[in-house]
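In what follows, a structure is listed as structure tokens, so that the remarks can point back to it.
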Amino acid sequence: IPFLLTACSLQRTVPPEVSVVNVLLENVTVFETVAVFTIRVDNENPFPLEIDGGVHRFYLNDNYVGKGFDETGFTIPRLSSTTQEVRVHLSNLRFFLKLQSLLESSTLSYRIESTLYTNRAFDRDLDVTNSGSLDLAPAPGAWKQLPPNGQP
């Protein structure tokens with residue numbers, strides 16, 4: 055019986071999925087901008103997942119943008135999800151140097167690499183990555199060209 059109890063308590067954790075839900079800019083200065091990323095953390099496990107904190111690294115078109123820390127603990131209920139806000143300090147100089155290549159691209163790809171910390175005996179550090187892309191090219195016929203006199 056002790057073995058059975060130990061085996062049940064050592065159930066392996068399915069790593070959570072972390073995705074970006076929203077981004078807001080605040081505190082824009084000459085050298086730095088603070089971006090507030092709202093992330094969603096999904097728990098596919100049949101037990102609650104207690105997160106002690108985390109580190110999240112953000113990339114745009116494979117260029118590192120910045121990282122944010124989640125120092126507050128939170129619990130994700132079993133088979134559920136929760137959202138968290140993560141503040142990321144962005145270097146405006148680094149961003150402006152990459153801006154031209156971002157503007158010239160017809161696709162914006164993003165990636166978030168997260169390390170979530172737990173108190174579980176196993177799986178103490180859960181490393182997860184999620185990525186996606188946005189097509190920035192306008193749909194055919196989305197823009198009308200006005201005649202030279204400017205009248206439609």
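Each residue of the sequence shown is one higher than the last, beginning at 55 in the working numbering. Just so you know, even glycine gets a beta-carbon here, dropped at the ideal spot from N, CA and C.
Which residues DSSP lists as bridging residue i, in chain order
{"i": "Phe123", "result": "Val109"}
{"i": "Phe207", "result": "This structure gives no information on residue 207, because the portion of the chain shown stretches from 55 to 206."}
{"i": "Val72", "result": "Val95"}
{"i": "Leu156", "result": "Beta-bridge pairing links Leu156 to no other residue."}
{"i": "Trp114", "result": "Checking the sequence, you will find Leu at residue 114 rather than Trp. Answer by DSSP bridge pairing, in chain order: Asn117, Tyr164."}
{"i": "Phe128", "result": "Ile105"}
Beta-carbon proximity list for residue i, same chain, < 8 Å, skipping 5 on both sides
{"i": "Ser159", "result": "Asn115, Leu190"}
{"i": "Thr183", "result": "Arg165, Ile166, Glu167, Ser168"}
Inter-residue spacing [alpha-carbon to alpha-carbon] between residue i and residue j
{"i": "Ser145", "j": "Glu139", "result": "19 Å"}
{"i": "Lys152", "j": "Gln65", "result": "44 Å"}
{"i": "Gly186", "j": "Thr161", "result": "10 Å"}
{"i": "Ser124", "j": "Glu86", "result": "One point to set straight first is that residue 124 is Asp, not Ser, in the sequence displayed. C-alpha separation (whole angstroms): 20 Å."}
{"i": "Val74", "j": "Arg111", "result": "11 Å"}
{"i": "Leu79", "j": "Val68", "result": "33 Å"}
{"i": "Tyr113", "j": "Ser163", "result": "8 Å"}
{"i": "Phe57", "j": "Phe176", "result": "In this prediction, Phe57 has a pLDDT of 49, which is less than 50 and means its spatial position is unreliable; what the coordinates show is noted afterwards. Those two C-alpha atoms are separated by around 17 Å."}
Local Cβ density within 10 Å of residue i, reported as buried at 16 or more and exposed below that
{"i": "Cys62", "result": "Annotation note: pLDDT 49 at Cys62 (below 50); position unreliable, coordinate value reported separately. That one is exposed."}
{"i": "Pro100", "result": "exposed"}
{"i": "Pro70", "result": "buried"}
{"i": "Arg132", "result": "exposed"}
{"i": "Asn173", "result": "exposed"}
{"i": "Val84", "result": "exposed"}
{"i": "Val119", "result": "buried"}
{"i": "Leu156", "result": "exposed"}
{"i": "Asn97", "result": "buried"}
{"i": "Leu188", "result": "exposed"}
Distance CB(residue i)-CB(residue j) smaller than 7 Å
{"i": "Pro102", "j": "Thr129", "result": "yes"}
{"i": "Asp106", "j": "Gly127", "result": "yes"}
{"i": "Arg94", "j": "Ser135", "result": "yes"}
{"i": "Val82", "j": "Thr169", "result": "no"}
{"i": "Val88", "j": "Arg141", "result": "yes"}
{"i": "Val90", "j": "Ile166", "result": "no"}
Residues near residue i by beta carbon distance below 7 Å, same chain, minus five either side
{"i": "His143", "result": "Glu86, Val88, Gly120"}
{"i": "Thr92", "result": "Val75, Asn76, Thr137, Glu139"}
Spatial neighbours of residue i in its chain, beta-carbon cut-off 6 Å, leaving aside the 5 residues before and after
{"i": "Asp181", "result": "Thr169"}
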